[in-house]
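Peer 1: Residue numbers (numbering that gives the first Met the number 0): 0 to 177.
The beta-carbon is built from N, C-alpha and C at its ideal position, and this holds for glycine as well.
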Amino acid sequence: MIKVAISKMKREQIPAVARVASASFSGLKDLKIAKKWIDCNFNAFPRMFYFVAKLKEEIVGYVLWMEKGGFRERAVIELEQIAVLPEYRGKGIGTQLTEKSLCEIKKYLKKRGSVLKIIEVTTGTENKAQRLYKKTLNAKVECTVKDLFRGDEVIMISRQEKLRQEKLRQEKLRQEKK
Ligand SMILES: CC(C)(COP(=O)(O)OP(=O)(O)OC[C@H]1O[C@@H](n2cnc3c(N)ncnc32)[C@H](O)[C@@H]1OP(=O)(O)O)[C@@H](O)C(=O)NCCC(=O)NCCS
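#1: Looking at the structure shown, is F48 part of a helix, part of a strand, or coil, going by DSSP?
#2: Can D151 and V140 be called in contact, C-beta distance under 8 Å?
#3: Verify whether the separation of the beta carbon atoms of V114 and I58 is less than 8 Å.
#4: May I ask which residues mark the beginning and end of the beta strand (DSSP E) holding T143?
#5: Can G89 be considered in contact with ligand 1, in the sense that its beta carbon sits closer than 7 Å to one or more heavy atoms?
#6: Inspect the beta-carbon positions of G93 and L131 and report whether they are closer than 8 Å.
#7: Buried or exposed: where does M155 fall if 16 or more other Cβ atoms within 10 Å of its Cβ makes it buried?
#8: Look at F44 and A82 and say whether their C-beta atoms are less than 8 Å apart.
#9: Please state if the CB of I117 and the CB of F50 are separated by a distance shorter than 8 Å.
#10: Report yes if the C-beta distance between F41 and I13 is below 8 Å; otherwise report no.
#11: Going by DSSP, which residues form a beta bridge with W36?
#12: Using DSSP with H/G/I as helix, E/B as strand and the rest coil, what is G91?
#13: Using a threshold of 7 Å, is the CB atom of R168 nearer than that to any non-hydrogen atom of ligand 1?
#14: Look at Q80 and V3 and say whether their C-beta atoms are less than 8 Å apart.
#15: How should I1 be labelled, buried or exposed, when 16 other C-beta atoms within 10 angstroms of its C-beta is the threshold for buried?
#16: Label L27 either buried or exposed according to how many other C-beta atoms from any shown protein chain fall within 10 Å of its C-beta, with 16 as the threshold for buried.
#17: Rounded to whole angstroms, what is the Cα-Cα separation between A17 and R173?
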């Protein structure tokens, strides 16, 4: 595992994030297009939230979260995109990015008086990222969409309210046993 520093993305980091995107997604291969797309998303804060993973001074990965359906009391958010530079994959950076950024999102929601209801994430039926989402978000495949980008994609859902209720139930059981 490589330890990285996770922080909110700054405007001047857009070109470096675009390089990671360009190396990771066919739809963002063109660096100019990648920069434009990231710039648009960055300007949509706080509907869109970018976090970056830094190894020393190099940006080696990023994650983009997007709130859906309004700034709701029971918030629905999507992990819209995540990528790590090819040479750094499989070293725990995606895991740190997902877990730490989610923690920050939860803090932000609490501050504005909301709680997280649902996390949604879409990925290819064959993409190994499914394992990452199961592990870090407790997300489960709920449906398949035929021919979305370059093929079939699964929509994975993490039902955060259910997870919180289950945690409370377990805690109550533990207290009763004491
Ligand atoms: C998906 C991605 C961000 C994961 O980042 P990462 O730093 O490689 O992830 P981690 O090292 O923390 O691994 C997380 C888990 O996912 C699995 N995994 C995810 N993507 C993987 C990949 N491309 N290759 C191998 N394993 C992968 C690992 O097995 C690991 O599980 P484990 O810890 O139980 O072994 C990265 O592989 C990537 O940038 N892929 C290309 C872009 C992409 O497909 N993004 C997702 C689109 S929805």
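Peer 2: Let me lay it out:
#1: strand
#2: no
#3: no
#4: Unbroken beta strand (DSSP E) run through T143: K139 to V144.
#5: yes
#6: yes
#7: Classification for M155: buried.
#8: no
#9: no
#10: yes
#11: Partner(s): none; W36 has no beta bridge.
#12: coil
#13: Result no, Cβ not under 7 Å from ligand 1.
#14: no
#15: exposed
#16: buried
#17: 48 Å
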